[in-house]
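Notes follow the structure.
In structure tokens:
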């Protein structure tokens with residue numbers, strides 16, 4: 001069956017503890033966050049996005065970032081990522097630099113989305129990120145940058161892939177180790193994804209490119225597949241299908257980690273994550289949130305047969 | 001963007017009026033069935049599976065097959081398919097042969113699944129289908145055969161692709177015009193799908209091969225993508241994500257037509273189906289059933305921006 005050319009192994013960053021918890025209407029207790037993050041690390045994740053240094057009056061759900069970071073006890077080979085929205089957030093984060101390994105900074109490829117999100121033109125955001133990346137690197141930390149609306153904008157529609165690659169090149173030149181491309185409102189399709197990442201991999205050698213898809217129109221896993229086939233080996237997803245600012249209410253946001261991990265494993269592509277242990281973490285967050293989550297593998301169970309399948 | 005080799009156009013058969021309606025706990029009124037089928041034809045479908053000649057005591061939801069078929073008024077270029085489970089059902093169907101165009105017969109690739117489904121060994125079912133296919137052809141009708149559990153069995157696990165291709169070859173030799181491959185319980189993965197259809201297309205020239213995927217573990221569209229990339233141009237799906245015998249309860253069954261059509265169109269692959277008209281039909285069946293359906297594009301709306309997206 002291995003007549004194609006897929007990698008044996010990919011890296012998956014779990015973003016639920018930041019992106020997911022941020023989107024919950026109720027703030028999750030700090031002790032619950034710590035327990036869930038440690039459970040995810042125990043499931044085998046080596047990359048976890050766990051906190052954000054944003055203004056607590058804007059995102060109260062993450063106002064305990066410092067307590068979470070100082071409270072965590074995870075294996076030494078687990079890379080913890082924090083998100084910072086601006087230079088002020090970065091300064092606060094750097095006061096706790098011993099508690100994490102990687103800082104993610106972000107902008108939108110689309111002018112209108114960037115203005116609505118951070119009230120600035122894209123070029124202003126880019127200039128700020130170009131100042132922040134060296135500061136992060138000088139602090140001995142890894143630096144990631146995410147380009148949101150990389151595959152389409154809910155306000156403008158088409159986003160020029162040449163512009164996305166140009167922004168990525170500027171960020172790489174500023175010192176970023178990793179560049180993430182976010183399909184923020186689920187507008188990407190697999191043909192577009194394959195073409196984009198083929199181009200981006202050629203244009204951006206020496207920097208890690210990460211795919212971050214949403215399942216808004218059900219194409220999340222198909223887009224991950226297209227990215228994998230184009231040569232991408234770094235992905236992000238969210239356990240329990242949490243987060244991703246789903247619009248409209250009730251829609252799906254981030255690709256569910258358990259669905260993505262299941263697909264990769266069934267394809268013979270290892271992730272290092274134990275699916276059963278991940279499902280246990282997803283059931284645990286379901287219990288903490290007090291509502292039923294609807295990722296496919298959580299509902300249907302992993303692919304199995306005979307006694308395990310209960311048939 | 002068109003540097004890959006995808007077809008400009010594919011055929012999609014809508015199976016909701018048979019597979020979907022059969023799986024509803026309450027029998028849908030005949031007039032509602034007819035109205036919904038005509039609405040789907042109006043949306044541009046040229047292939048609709050609309051009825052089944054099964055025992056009414058076994059599947060009362062479809063006991064009005066004859067009334068539905070005689071009541072339908074669809075354009076002359078719309079191909080209507082009926083499912084028959086056995087020779088007795090075929091005889092009844094042929095009494096109404098002027099009301100449809102295509103008969104679908106079926107077996108399972110897996111021995112245990114076939115025995116549990118129709119209480120016979122696979123070879124017995126195959127012999128029956130080999131008798132039925134010429135009868136269907138002699139009646140001037142098109143003949144399709146579906147091989148269920150073609151990508152995995154919930155009882156046995158792995159299904160040998162060589163056995164599936166062998167069964168398909170026997171059915172093609174018996175006169176079948178089309179061979180469908182069903183991922184009955186959602187066990188397929190894209191790598192397997194690509195390898196299988198590459199092999200099947202080589203082994204079975206001159207017969208139409210159709211992909212029928214379930215979204216049980218969320219991989220439905222990714223598997224359709226893999227089939228498309230392997231060269232498959234015929235697909236089946238169900239509007240409103242109806243049907244497909246989802247196991248366990250609450251799980252997803254058939255791939256949702258609106259999600260599949262949306263993906264193909266975004267990729268520049270035409271289906272002949274008007275997505276907005278299809279969504280109207282999905283909303284109509286939602287109203288008939290009195291419950292909310294959860295296909296992604298029905299919930300989130302089609303990919304759009306600006307005024308249309310309401311942002």
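Protein chains in written order, with full-length UniProt numbering: chain A, 1 to 311; chain B, 1 to 311.
Beta carbons are placed, not taken as given, at the ideal position from N, Cα and C, and that holds for glycine.
Keep in mind the model is a prediction, meaning the values are calculated, not measured.
Determine whether the Cβ of residue 352(A) lies closer than 9 Å to any Cβ atom of chain B. The shown model of chain A, from 1 to 311, leaves out residue 352(A), and the question about it has no answer.
Would you call the CB atoms of residue 19(B) and residue 49(B) closer than 9 Å? Counting from one through the second chain, the residue named residue 19(B) turns up at place 19. Counting from one through the second chain, the residue named residue 49(B) turns up at place 49. Yes. Within cutoff.
Please report how far the alpha carbon of residue 237(B) lies from the alpha carbon of residue 260(B), in whole angstroms. Here residue 237(B) corresponds to residue number 237 of the second chain, with the count starting at 1. Here residue 260(B) corresponds to residue number 260 of the second chain, with the count starting at 1. Near 8 Å, if we compare the C-alpha coordinates of residue 260(B) and residue 237(B).
Give every residue of the same chain whose Cβ lies closer than 8 Å to the Cβ of residue 46(B), excluding the five residues on either side of it in the sequence, and list them in chain order. Along the second chain, read from residue 1 onward, the residue named residue 46(B) stands at position 46. If we look at residue 46(B) and ignore the five residues flanking it on each side, its Cβ neighbours are 11, 77, 78, 79, 272.
Could you tell me which residues DSSP pairs with residue 257(B) in its beta bridges? Looking up residue 257(B) in the second chain gives position 257. DSSP output for residue 257(B) lists no bridge partner at all.
When the Cα atoms are used, what is the spatial distance from residue 280(B) to residue 131(A)? Here residue 280(B) refers to the residue found at position 280 of the second chain. Here residue 131(A) refers to the residue found at position 131 of the first chain. The alpha-carbon separation between residue 280(B) and residue 131(A) amounts to approximately 50 Å.
Taking a Cβ distance cut-off of 8 Å, strictly less, list which residues of the stretch 159–193 of chain A are near chain B, in chain order. 186, 187, 189, 190, 191, 192
Alpha carbon to alpha carbon, how far is residue 253(A) from residue 186(A)? Mapped onto the first chain, residue 253(A) falls at position 253. Mapped onto the first chain, residue 186(A) falls at position 186. Taking the straight line joining both Cα atoms gives about 8 Å.
With a cut-off of 9 Å, does the C-beta of residue 271(A) fall near any C-beta of chain B? Residue mapping note: residue 271(A) aligns to position 271 of the first chain, counting from 1. By this cut-off, residue 271(A) is not an interface position.
Mind checking residue 217(A): buried by the 16 CB within 10 Å criterion, or exposed? To locate residue 217(A), count along the first chain from 1; it is residue 217. Looking at its Cβ environment, which holds 16 or more other Cβ atoms inside 10 Å, residue 217(A) is buried.
Residue 1(B) by DSSP, collapsed to three states: which one? Indexing the second chain from 1 puts residue 1(B) at position 1. Below a pLDDT of 50, predicted positions are generally treated as unreliable, and residue 1(B), at 40, falls in that range; no measurement from the model is reported.
Measure how close the beta-carbons of residue 221(B) and residue 221(A) come, nearest whole angstrom, since I'm counting them as under 8 Å. The sequence position of residue 221(B) within the second chain is 221, counting from 1. The sequence position of residue 221(A) within the first chain is 221, counting from 1. Yes, residue 221(B) and residue 221(A) are in contact; Cβ-Cβ is about 7 Å, under 8 Å.
What is the rounded straight-line gap between the Cα of residue 8(B) and the Cα of residue 235(B)? Start at 1 with the first residue of the second chain, and residue 8(B) comes out as number 8. Start at 1 with the first residue of the second chain, and residue 235(B) comes out as number 235. Spanning the two alpha carbons is a distance of roughly 14 Å.
Cβ pair residue 210(A), residue 175(A) closer than 9 Å: Locating residue 210(A) in the first chain gives position 210, where the first residue counts as 1. Locating residue 175(A) in the first chain gives position 175, where the first residue counts as 1. No, these two residues do not count as a Cβ contact at 9 Å.
Residue 283(B) (DSSP reduced to helix, strand or coil): As a first step, residue 283(B) is located in the second chain; it is residue number 283 there, counting from the start. In the structure shown, residue 283(B) sits in a helix (DSSP, three-state: H, G or I).
Grab the span of the beta strand (DSSP E) containing residue 81(A) for me, first residue to last. One-based indexing of the first chain puts residue 81(A) at position 81. Start and end: 79–83.
If residue 190(A) and residue 225(B) are in contact, beta carbons under 8 Å, what's the gap, nearest whole angstrom? Mapped onto the first chain, residue 190(A) falls at position 190. Mapped onto the second chain, residue 225(B) falls at position 225. About 5 Å separates the two Cβ atoms, so the contact holds.
With 16 other Cβ atoms within 10 Å as the buried cut-off, status of residue 158(A): Taking the first chain and counting its residues from 1, one reaches residue 158(A) at position 158. Result: exposed.
Cβ-Cβ distance between residue 103(A) and residue 72(A) below 9 Å: Looking up residue 103(A) in the first chain gives position 103. Looking up residue 72(A) in the first chain gives position 72. No.
Just mark residue 70(A) as buried or exposed, buried being the case when its beta carbon has 16 or more other beta carbons within 10 Å. Counting from one through the first chain, the residue named residue 70(A) turns up at place 70. Exposed: under 16 other Cβ atoms inside 10 Å.
Given this structure, state the Cα-to-Cα distance separating residue 5(A) from residue 256(B), to the nearest angstrom. For the purposes of this step, residue 5(A) is taken as the residue at position 5 of the first chain. For the purposes of this step, residue 256(B) is taken as the residue at position 256 of the second chain. Distance between the alpha carbons of residue 5(A) and residue 256(B): 30 Å.
Tell me which residue opens and which closes the alpha helix (DSSP H) that residue 314(B) is part of. No answer is possible for residue 314(B): it lies beyond the span of chain B, which begins at 1 and ends at 311.
Thinking C-alpha only, which one of 93(A), 275(A), 25(A) is nearest residue 52(A)? The sequence position of residue 52(A) within the first chain is 52, counting from 1. Comparing Cα positions, the closest option is 93(A).
Which residues, in order along the stretch 296–308 of chain A, keep a beta-carbon less than 9 Å from a beta-carbon of chain B? 296, 297, 299, 300, 301, 302, 303, 304, 305, 306
Anyone know if the C-beta pair for residue 154(B) and residue 247(B) falls short of 9 Å? The residue labelled residue 154(B) in the question sits at position 154 within the second chain. The residue labelled residue 247(B) in the question sits at position 247 within the second chain. Going by C-beta atoms, residue 154(B) is nearer than 9 Å to residue 247(B).
Using CA atoms only, rank isn't needed, just tell me which of 21(B), 67(B), 14(B) is closest to residue 42(B). For the purposes of this step, residue 42(B) is identified with residue 42 of the second chain, where counting begins at 1. For the residues 21(B), 67(B), 14(B), the minimum Cα distance to residue 42(B) belongs to 14(B).
So residue 299(B) and residue 251(A) are supposed to be a Cβ contact under 8 Å. How far apart are they, rounded? In the second chain, the residue the question calls residue 299(B) occupies position 299. In the first chain, the residue the question calls residue 251(A) occupies position 251. Yes, residue 299(B) and residue 251(A) are in contact; Cβ-Cβ is about 5 Å, under 8 Å.
In the structure shown, what three-state DSSP assignment does residue 212(A) receive? Taking the first chain and counting its residues from 1, one reaches residue 212(A) at position 212. In this structure, residue 212(A) counts as strand in the three-state DSSP scheme.
For residue 120(A), which residues from the same chain have a beta carbon less than 7 Å from its beta carbon, with the 5 sequence-adjacent residues on both sides left out? On the first chain, position 120 is the one that residue 120(A) refers to. In chain order, 114 place their CB closer than 7 Å to the CB of residue 120(A), counting only its own chain and leaving out the 5 sequence neighbours on each side.
Who are the Cβ neighbours of residue 297(B) in its own chain at under 6 Å, not counting the five residues just before and after it? Indexing the second chain from 1 puts residue 297(B) at position 297. These residues qualify, in order along the chain: 258, 259, 262.
Quick check on the burial criterion: 16 or more other C-beta atoms within 10 angstroms. Buried or exposed for residue 122(A)? Along the first chain, read from residue 1 onward, the residue named residue 122(A) stands at position 122. Residue 122(A) should be labelled buried.
Name the one or two DSSP bridge partners that residue 303(A) has. Taking the first residue of the first chain as position 1, residue 303(A) is located at position 303. The partner list for residue 303(A) (beta bridge, DSSP) is empty, contrary to what the question assumes.
Which stretch, first to last residue, makes up the beta strand (DSSP E) that contains residue 181(B)? As a working note, residue 181(B) is residue 181 in the second chain. Residue 181(B) -> beta strand (DSSP E) spans 178–182.
Shortest alpha-carbon distance to residue 68(A) belongs to which of 87(A), 101(A), 31(A), 44(A)? Within the first chain, numbered from 1, the residue matching residue 68(A) stands at position 68. With distances taken between Cα atoms, residue 68(A) lies closest to 31(A).
According to the neighbour-count rule (16 or more other Cβ atoms, all chains shown, within 10 Å of its Cβ), is residue 64(B) buried or exposed? Position 64 of the second chain holds residue 64(B). Per the 10 Å Cβ criterion, buried.
Run of the beta strand (DSSP E) containing residue 237(A), from where it starts to where it stops: Here residue 237(A) refers to the residue found at position 237 when the first chain is read from its first residue. Where residue 237(A) is concerned, the enclosing beta strand (DSSP E) stretches over 234–237.
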